[in-house]
Amino acid sequence: MKRWWATVPEIAEDVRDALAAGDDIHAIRMLMDGINALPAAQKAGTLDDALNAPDTTGDPRWDALLAGALRYRLHQIGEHAPSWTFKEPLEKGWWPFAYSPSDAYNDMAHTPAELMRLGIFLDEREFTQA
Numbered sequence: 000m001k002r003w004w005a006t007v008p009e010i011a012e013d014v015r016d017a018l019a020a021g022d023d024i025h026a027i028r029m030l031m032d033g034i035n036a037l038p039a040a041q042k043a044g045t046l047d048d049a050l051n052a053p054d055t056t057g058d059p060r061w062d063a064l065l066a067g068a069l070r071y072r073l074h075q076i077g078e079h080a081p082s083w084t085f086k087e088p089l090e091k092g093w094w095p096f097a098y099s100p101s102d103a104y105n106d107m108a109h110t111p112a113e114l115m116r117l118g119i120f121l122d123e124r125e126f127t128q129a
């Protein structure tokens, strides 16, 4: 089977490029699309090859989001997360896409534990809408 999914280092590179261009929306799409494709790597038996530690995205918040999102997705498919995905919580809570107080509240109510532990608030439904 030809590989069509991105590895975690490739996801981080795509996010870094989008952030450098000032495009947070594209960055989150690349992150979510990449993370959500990892079950295909699992099915192909190449998941371990896809999970190498990435270089930084250039922003500690996005590095933490990538690690936390990966931990969440791997938990969903019954896999253990690599040790490099353990990150310390951010010093200040971060809502990547809360545009109003009600959005922030909704994100807090629906954030996966793997992200909440990091102080990142992102509705788990974002994992199915990217």
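Residue numbers for the sequence shown, in numbering that gives the first Met the number 0: 0 to 129.
C-beta: ideal position from N, C-alpha, C; glycine also.
#1: Would you decide whether A26 is buried or exposed? Buried here means 16 or more other CB atoms lie within 10 Å of its CB.
#2: According to DSSP, is I76 helix, strand or coil?
#3: Residues in the same chain with beta-carbon distance under 7 angstroms from Y71, minus the five sequence neighbours each way, listed in chain order, please.
#4: What did DSSP end up calling W83 once you bin it into helix, strand or coil?
#5: Taking the C-alpha atoms as reference points, what is the distance between A129 and M29?
#6: Of the residues P88, I10, D13 and A66, which one's Cα is nearest the Cα of S82?
#7: If you compare alpha carbons, which of A43, F96 and Q75 is closest to R60?
#8: To the nearest angstrom, how far is the alpha carbon of G92 from that of I119?
#9: Counting C-beta neighbours from all protein chains within 10 Å, is the total for A20 16 or more, i.e. buried, or is it exposed?
#10: Under 7 angstroms Cβ to Cβ from A17, same chain only, skipping five residues before and after it: list those, please.
#11: Measuring only the C-alpha atoms, how far is A68 from I34?
In brief:
#1: buried
#2: Residue state, collapsed to three classes: coil.
#3: P111, E113 and L114
#4: helix
#5: Note that A129 scores 47 on pLDDT, short of 50, meaning its location in the model is unreliable and no value can be drawn from it.
#6: A66
#7: F96
#8: G92 and I119 have their C-alpha atoms roughly 6 angstroms apart.
#9: That one is exposed.
#10: Once the five neighbours on either side are set aside, the close Cβ partners of A17 are H25, A26 and M29.
#11: 7 angstroms
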